[in-house]
Structure formats: structure tokens, C-alpha cells
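Participant: Next up is a structure, given as C-alpha cells.
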Amino acid sequence: MAIVYNENSRTFLLHTKNTTYGMKISRYGNLLHLYYGQRIPDENLDYLIQLHDRGFSPNPNEAGNDRTFSLDFLNQEFSTDGKGDYRSPSIQVVNPDGSRIFSGKVKDHRIFPGKYTLSGMPSLSFQEGEAGESLEIRLLDQESQGEAVLCYCVFEDKDVITRTVRFENHSDKPLRLERLMSMTLDLNAGAYDMITFPGRHLMEREFTRVPVTPGLHAVGSSRGASSHQYNPFFILCEKETSEDQGLCYGVSLIYSGNFLMELEQDQFHKLRLNAGINPKDFSFLIGPGESFQAPEAVLCCSGEGLTGLSHRFHDLFRENLCRLPYVKKNRPVLINSWEAAYFDFDEEKLLKIAGEAKKMGVELFVMDDGWFGSRDSDNAGLGDWKVNLKKIPSGLSGLTEKIHAMGLQFGIWVEPEMVNEDSELYRAHPDWCLKAAGRPMTRGRNQLVLDLSRQEVCDYIVSFMEEMLSEAKIDYVKWDMNRSLSDVWSGALPAERQGEVFHRYVLGLYRVLDQVVLSHPEVLFCGCCGGGGRFDPAMLYYHPQIWCSDNTDAVNRLKIQYGTSFAYPPCCLEAHVSTCPNHQTGREVPLRTREIVAQNGIFGFELDSTKLSEEEKAQCMEQSERYRRNNAKLILSGDYYRLSNPYENLYYNAWSYVSKEKDRALVSLVITEKEGNDAQRFLKLRGLKKEAFYQIEGRQDRFSGALLMQAGLPIPCGLRQYEGISFCLKEV
Ligand code: GLA
């Protein structure tokens with residue numbers, strides 16, 4: 001059984017294949033955390049709770065004169081607030097009398113088969129044939145009648161526990177919720193590192209590993225989207241944990257808006273990890289009988305190092321997140337018009353680009369920004385989703401037909417959540433955007449953000465998207481979002497509810513995506529937010545692939561894709577071969593290297609095909625064929641191995657994909673810092689069968705898996721700066 005409750009010790013144990021999670025109801029009804037780590041048998045864990053009389057640690061009334069019971073140092077499953085626990089809390093409620101106290105005691109619990117329900121937001125689900133159990137524990141604050149319902153679901157084979165919290169108001173007065181974490185994890189003292197993925201536009205998800213020190217450490221977003229700056233993924237690992245070995249915990253939040261992940265090392269060196277909606281700018285009024293649902297958090301523990309952790313997240317996101325049929329299908333090799341033409345195109349030019357792209361093995365042509373309204377630059381037109389007939393005289397359906405007649409699929413760019421002041425939409429509905437009455441507004445890329453907390457705005461987006469998708473046979477949609485939110489105030493809500501707008505925006509977006517994306521399973525949706533500004537699991541639920549970064553420089557991409565790979569399987573990130581010198585950095589990188597890096601994800605092109613020589617187009621054709629013939633299957637379903645860390649190994653960056661059967665592999669390497677009279681280096685492979693023999697494609701010699709992993713393959717000394725190699729291995 002995955003979830004066991006022991007009546008005598010009042011202990012819950014949640015078992016996955018390799019891990020155990022334990023908690024206990026204290027003698028006073030508090031829910032305490034006992035253990036999370038590698039799997040242990042069903043045994044008594046009470047000794048893990050050690051009580052001491054400590055100065056300045058208050059004792060709750062129910063403990064009487066017992067000065068050893070204090071919430072100040074006990075590991076809690078979901079913290080109280082205002083009752084003597086001074087660490088960062090799981091919840092903050094303002095009660096009708098103005099007090100800020102919440103003391104949830106276990107009221108009851110239930111264990112049931114399948115998954116708890118979570119409405120209004122994306123969440124994981126079991127795939128066909130998979131089974132699991134859920135646990136719901138109700139923590140009631142007697143005085144306010146506010147109740148936190150903690151939900152857990154065990155994905156046994158995946159070594160994953162999902163968690164969420166629902167706050168219910170059972171009183172007859174409104175309660176104001178100012179913080180509700182989706183999960184809290186209290187751990188005993190130890191020597192830990194934390195790994196986070198900070199970044200910026202054009203340089204997202206930079207791997208950052210630092211020792212945990214006393215105090216509060218936080219990453220999060222207050223930009224309205226999960227952001228380029230921080231990603232809702234957090235790793236806590238023991239000091240000695242490496243790619244191959246050691247204990248680590250990963251936490252992911254399935255949410256696309258403002259989030260907070262904080263780690264506190266307290267006075268006794270214990271750790272508290274919180275993950276949830278960012279309490280900054282958050283305040284929700286919960287009326288009598290109403291409830292509030294926190295987004296889902298995913299908790300995974302690996303005793304097999306960071307690679308083990310990544311593999312678990314990759315399998316989980318591939319199999320249990322996005323239910324759309326496209327996830328499991330091969331994705332077409334595409335060409336996108338953005339870096340080819342920016343806003344400067346007409347139908348004739350697009351058809352030429354598409355025509356030449358055929359010679360490159362491209363299967364899908366994507367018309368990016370600039371095709372609608374008065375969109376001749378990024379200063380106007382957003383909101384007016386009618387094709388500009390001056391640029392595209394055949395109209396959307398005419399152009400689509402022409403592209404299809406060339407034997408290509410057709411894709412289109414939209415940015416539905418935004419509006420330019422210079423647009424028909426804004427002139428008709430100036431109140432539809434986020435801006436506070438009487439205050440000057442703040443522009444970003446000269447655009448404003450539509451107020452998706454308003455139902456009529458969501459309805460408008462659904463209706464123009466439906467119209468567009470019925471007007472022409474569109475195979476692919478790139479859904480973009482190009483600024484951070486500001487002036488977050490909605491004309492549709494009263495003053496006391498303005499703290500709800502950020503979250504209501506996200507809920508509105510999910511409602512829109514539910515209607516548009518889920519009702520068009522035949523269309524491949526690609527997420528985008530100035531590249532990777534909303535690269536989170538909630539978006540992956542709707543978009544099987546996301547444009548990873550606006551930075552197409554192959555060398556910068558090595559780091560971006562490295563960081564992204566810790567949580568997200570490479571088959572969900574788009575990577576394109578772009579022009580040389582690169583538009584973002586000016587760097588010159590060989591075409592083959594640009595291919596190698598772009599084939600560490602969903603492969604495509606982002607350049608003007610009409611400017612390539614016949615020889616270059618032939619090379620691109622080979623690249624597309626290589627991708628389709630050998631690489632796509634491994635990228636979609638194989639296990640991903642990071643073979644070097646680009647922040648430590650400055651000479652080269654390498655990675656591989658190994659099939660689940662371990663009979664095939666794709667190995668890739670790029671030289672990042674060439675030195676004269678170079679040392680002979682060897683690349684040690686990973687994830688192969690020790691006893692099996694492998695042959696490199698196109699060569700006769702054979703190597704055992706053991707040799708390839710222990711001694712490695714020589715990295716050719718003749719490789720020059722930014723040159724790369726990529727080859728397939730096959731078991732023989
Ligand atoms: C964003 C996207 C780009 C491109 C432009 C168009 O920056 O990330 O790929 O679509 O918008 O304006």
C-alpha cells in the first residue's frame with residue numbers, strides 16, 4: 001500500500017518505489033513532519049521527534065506546564081501562524097477581529113484510491129494503467145473555523161508525491177487569506193546545497209549551486225508570469241551529491257504566475273522549504289462557505305544524484321502532465337519567420353522563404369509577428385487579430401492553402417494577452433487592460449496587458465482564437481506573452497479584492513487555454529514568453545513545447561539548455577538553427593554546431609532560407625533528415641545525461657540521450673574554449689549497459705559499455721573553437 005496510517009502511533013507513511021514520507025499527529029493535534037528520504041519499512045519513527053526546553057520558544061496552552069513542547073523547533077507539515085513558530089509560515093490569515101493567527105489541528109483524514117481533484121489549474125494525472133492513492137488531512141483552526149485541507153497523491157512508480165492545499169471558510173464571516181503555500185517541507189539539520197535557476201531575458205535558467213547558510217533564501221516572481229528571472233523549480237541536495245550519486249530533493253510548482261520558493265535555515269540549523277503563490281501582492285477574501293485552491297506542487301526525492309532526479313521529473317512531465325496527443329508524437333521540423341524577416345515581410349517574401357525551406361527538409365512554416373492589424377513594428381496593432389491584407393493579399397486562408405500546397409504545414413504567431421494603445425481593440429475597450437484609474441500607466445515593449453481577471457476579456461480571446469482557427473487550417477500556434485505585468489488593478493473588482501488580480505489573471509489564462517487548446521488537439525501549440533519567460537509545468541500542460549529562449553546563439557544556448565534540463569525534458573523545448581553571425585551576440589559558430597545544439601530539443605530553423613547558398617541548404621536538408629531518422633526518437637523518449645557542467649568545464653560541453661532499453665545513444669559535444677597544443681581529453685559516457693558492446697555509427701570498432709563509461713572516448717584534438725561532434729551508438 002502506498003499510504004499507510006497507523007492508528008496507534010497516529011503516523012502516516014507515504015511510500016513510493018524508492019522513497020518514504022512520514023508525518024505524525026502530535027498529542028495536541030498538530031501535524032508534525034517525521035521523515036522524507038530513501039525508502040524505509042513501516043516502523044515507529046516517534047524517536048525522530050526530540051523535545052527540549054529551549055529559551056524563547058513559547059509553549060502552546062494545551063501543553064500546560066510542559067516547556068519542552070514548542071512549535072518553534074518542531075518539524076511541521078503545515079505550519080501554524082502566530083502560535084510560536086517564527087519561521088516563514090505555510091499560511092497567513094487575517095481573521096474578522098483583525099488577528100493574524102491560524103492554528104490548524106488535525107480534524108480528520110481520509111485515504112482513497114486515485115487522485116484528489118484540483119479545479120481551475122493544471123495538475124498531474126495518472127496515465128492509463130497507472131494507479132495511486134491520495135490522502136486528505138483536514139486542519140481546522142477552531143476559533144476562526146478556517147480549514148486547511150492538505151492533499152497528497154502518491155505516484156508510486158515515479159517516486160513522486162504531489163501536494164496541494166485547499167483553504168475552506170466554514171465560518172459565517174469572511175476570512176482574508178494573505179499567504180497559502182502549496183507545500184511546506186521541514187527537514188532536520190544537515191549539510192545541504194541549494195540549486196536554483198535564476199536568469200534574465202536572453203539568458204534564462206542559469207544553474208546556480210550554493211551552500212545553504214543560516215537565514216532565509218528565496219527565489220520567486222512578482223512579474224505576473226513565472227518569469228525569465230527565476231524558475232519555479234528548486235533542488236535541495238546533500239553537499240556530496242553529484243550527477244551520479246547522493247540524496248537530493250526537487251520541488252516544482254505547476255503554476256505560471258507569481259510564485260515563491262523559499263528555504264529557511266533556522267536557529268537550530270533545521271530547514272524549511274516552502275513553495276506556493278508569492279504572498280507579495282496577494283490577498284484573497286474568502287467568503288463564508290467559499291474556498292481557495294493553491295496550485296499543485298511536485299515533490300521528488302532521488303537517492304541517485306541529480307541525474308536520477310532529472311530522469312524522474314522528465315518521465316513525470318512527459319507521461320503525467322500534458323494529456324494532449326501531440327506529446328507522444330514526432331514534432332515537425334519547422335522554420336520560423338521571426339529572425340528571417342522580423343516585421344519586414346509580405347506574402348511573396350514568406351512564400352519564398354517557405355519555398356527555399358522545402359529544400360532544407362522543413363515540414364512546418366511558421367509566420368511570426370507582424371501579419372495582423374497595423375502591426376508594422378512592435379508599437380502598434382496588438383489586439384487586432386485580423387490579417388493585414390496589404391501584406392497578405394490572399395488572406396489567412398489563401399496563404400495557408402498556398403503553404404499547404406507546397407507540402408508544408410502552416411503555423412502562426414499570436415500574443416492574445418496583450419494590447420497596444422494604437423489598436424482598434426484599445427480604442428473600443430480602454431478599460432480592458434490592467435491600469436489603475438487616475439494613475440499614469442507603465443508600458444512594456446510599448447504594450448499593455450489585458451485584464452484576464454475579467455470574463456469578457458477571456459471570452460474575447462477565445463472568440464478571436466476560435467475564429468482564426470476556423471478561418472484557416474492552422475497546424476501550429478505560437479502563443480506569446482511579451483511583457484511583465486505592472487499597474488495590476490482591475491476595474492471589475494472592488495478595492496478590497498485588488499490583491500486577487502494577479503492570481504485571477506492566471507486563472508483567466510487557464511480558462512482561456514482550457515477552451516482554446518484542449519478543444520483543438522489536432523493543433524500543436526508552442527508556448528513562448530519572450531522566449532523562456534513562462535517555462536513552467538503549467539504551461540507545458542497546454543503547450544507540449546516551449547520556445548526556450550529568444551537567444552539563439554548556440555554557445556549561450558549550451559548553458560540555457562543545460563539549466564533547463566534539470567527539471568524539463570529536452571523534448572519540450574524548441575531550439576533552432578539561426579543565422580551567422582548570431583543576431584543576439586554576433587558570434588560566429590559553424591552550421592554543424594548550430595545543428596548539434598538545436599538537436600538538443602525540438603529541432604527547427606530561424607533564418608532567411610533565401611539567403612542560404614545551395615550548399616548550405618543541402619547541409620540543412622541533411623540535418624533535418626538526421627533529426628528525423630536517428631535523433632528525434634531518442635530526444636522524445638530517451639533518458640538525458642549531462643556529461644559535463646558548462647560552469648565548471650570551460651573546455652567543452654557534452655550531453656547524451658540513451659534509449660530506455662539502453663541499446664542506442666546519441667552523444668553530442670561542443671568545444672567552448674580552445675587552447676593551443678590542447679590536452680588530450682576523454683569523454684566518459686553514462687547510462688549504458690556495462691556488459692554490452694556498442695558500435696559508433698559509421699565505424700567498425702566496438703567498445704564495451706564499461707569501457708565507454710570508465711575510460712571514455714578521445715575528444716578529437718583537431719576540433720577547433722566552437723566546433724562540435726555528435727554521433728549515434730548502437731548495441732551490437
Ligand atoms: C517574442 C518571441 C520571439 C518573437 C517576437 C515577436 O520576443 O520570443 O520569438 O516571436 O516576440 O514579436
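Under our numbering, think of the first position of the sequence shown as 1, with each following residue one higher. Built from N, CA and C at the ideal position, the CB exists for glycine as well. Just so it is clear, the structure is predicted and the values come from calculations on it, not from any experiment.
Please confirm whether any heavy atom of the ligand GLA lies closer than 7 Å to the CB of residue 338.
Facilitator: True, at least one ligand heavy atom lies under 7 Å from that Cβ.
Participant: Using DSSP with H/G/I as helix, E/B as strand and the rest coil, what is residue 455?
Facilitator: Of the three classes helix, strand and coil, the one that applies to residue 455 here is helix, per DSSP.
Participant: Determine the burial state of residue 168: buried for a count of at least 16 other Cβ atoms within 10 Å of its Cβ, exposed for fewer.
Facilitator: Per the 10 Å Cβ criterion, buried.
Participant: Under 7 Å Cβ to Cβ from residue 110, same chain only, skipping five residues before and after it: list those, please.
Facilitator: Only 136 meet the Cβ criterion.
Participant: Over the uninterrupted beta strand (DSSP E) stretch that includes residue 11, give me the two end residues.
Facilitator: 11 to 15 is the span of the beta strand (DSSP E), which, as asked, contains residue 11.
Participant: CB of residue 582 to nearest heavy atom of the ligand GLA: below 7 Å?
Facilitator: No, the Cβ of residue 582 stays beyond 7 Å of every heavy atom of the ligand GLA.
Participant: Which residue's Cα is closest to the Cα of residue 141: 614, 423 and 101?
Facilitator: Nearest of 614, 423 and 101 to residue 141, Cα basis: 101.
Participant: For residue 249, does the three-state DSSP call read helix, strand or coil?
Facilitator: Looking at residue 249 - three-state DSSP - the assignment turns out to be strand.
Participant: Using the three-state DSSP reduction, which class does residue 144 fall into: helix, strand or coil?
Facilitator: It is coil, neither helix nor strand.
Participant: Use the C-beta contact count for residue 701: other C-beta atoms within 10 angstroms, 16 or more gives buried, fewer gives exposed.
Facilitator: Exposed.
Participant: Is the segment 249 to 257 touching the segment 292 to 306, taking contact as three or more C-beta pairs under 8 Å?
Facilitator: In short, these stretches touch, since the Cβ pair count reaches three.
Participant: Please list the terminal residues of the continuous beta strand (DSSP E) segment that includes residue 578.
Facilitator: Residues 573 to 578.
Participant: Taking DSSP's pairing of strands, which residues face residue 652 in a bridge?
Facilitator: 671.
Participant: Is the number of C-beta pairs between the segment 304 to 318 and the segment 153 to 168 that are closer than 8 Å three or more?
Facilitator: At 8 Å Cβ cutoff, the stretches touch.
Participant: I'd like the list of long-range same chain contacts for residue 150, defined as Cβ closer than 6 Å, with 5 residues on each side in sequence excluded.
Facilitator: So the qualifying residues of the chain are 78, 137 and 165.
Participant: Alpha carbon to alpha carbon, how far is residue 80 from residue 11?
Facilitator: Cα to Cα, the separation comes out at about 19 Å.
Participant: For residue 413, is the beta carbon positioned less than 7 Å from some heavy atom of the ligand GLA?
Facilitator: Correct: residue 413 has its Cβ closer than 7 Å to the ligand GLA.
Participant: Please go through the same chain and pick out, in chain order, the residues whose beta-carbon is closer than 6 Å to the beta-carbon of residue 632, but skip the five residues on each side of it.
Facilitator: For residue 632, where only same-chain residues beyond five positions count, the Cβ hits under 6 Å are 330.
Participant: Which parts of the segment 52 to 110 are runs of the alpha helix (DSSP H), unbroken and 4 residues or longer, counting only runs that do not cross its ends?
Facilitator: Runs of the alpha helix (DSSP H) inside the segment 52 to 110: none found.
Participant: Mind listing, in chain order, the continuous alpha helix (DSSP H) runs of no fewer than 4 residues lying wholly within the segment 388 to 430?
Facilitator: Complete alpha helix (DSSP H) runs here, min 4: 395 to 405 and 424 to 428.
Participant: DSSP on residue 163, reduced to helix/strand/coil?
Facilitator: Strand.
Participant: Between which two residues does the alpha helix (DSSP H) harbouring residue 620 extend?
Facilitator: Looking at the DSSP string, the run of the alpha helix (DSSP H) that includes residue 620 is 614 to 626.
Participant: Just to check my reading of the structure: residue 270 and residue 186 have Cβ atoms closer than 8 Å, yes? What is that Cβ distance to the nearest angstrom?
Facilitator: Rounded, the Cβ-Cβ distance is 6 Å, consistent with contact.
Participant: Return the CA-CA distance between residue 459 and residue 478, expressed in angstroms with no decimal places.
Facilitator: Computed Cα separation, rounded: 20 Å.
Participant: Rounded C-beta distance between residue 388 and residue 413? I'm assuming under 8 Å.
Facilitator: Residue 388 to residue 413, Cβ: 13 Å. No contact.
Participant: Helix, strand or coil for residue 479 per DSSP?
Facilitator: Reduced to three states, the DSSP call for residue 479 is strand.
Participant: Measuring only from the beta carbon, is residue 724 closer than 7 Å to any heavy atom that is part of the ligand GLA?
Facilitator: No, the beta carbon of residue 724 sits no closer than 7 Å to any heavy atom of the ligand GLA.
Participant: I need the DSSP call for residue 498, collapsed to helix, strand or coil.
Facilitator: Three-state DSSP puts residue 498 in a helix.
Participant: Look at residue 604 and residue 641 and say whether their C-beta atoms are less than 8 Å apart.
Facilitator: Cβ atoms of residue 604 and residue 641: not closer than 8 Å.
Participant: Would a C-beta distance cut-off of 8 Å place residue 681 and residue 651 closer than the cut-off?
Facilitator: The answer is yes: Cβ separation under 8 Å.
Participant: Measuring CB to CB, does residue 725 end up less than 8 Å from residue 203?
Facilitator: Their beta carbons are not under 8 Å apart, which means residue 725 does not touch residue 203 by this criterion.
Participant: Report yes if the C-beta of residue 480 is less than 7 Å from at least one heavy atom of the ligand GLA; otherwise report no.
Facilitator: Checking the Cβ of residue 480 against the ligand GLA gives yes.
Participant: Do residue 124 and residue 298 have their beta-carbon atoms positioned less than 8 Å apart in this structure?
Facilitator: Yes, they are a contact pair.
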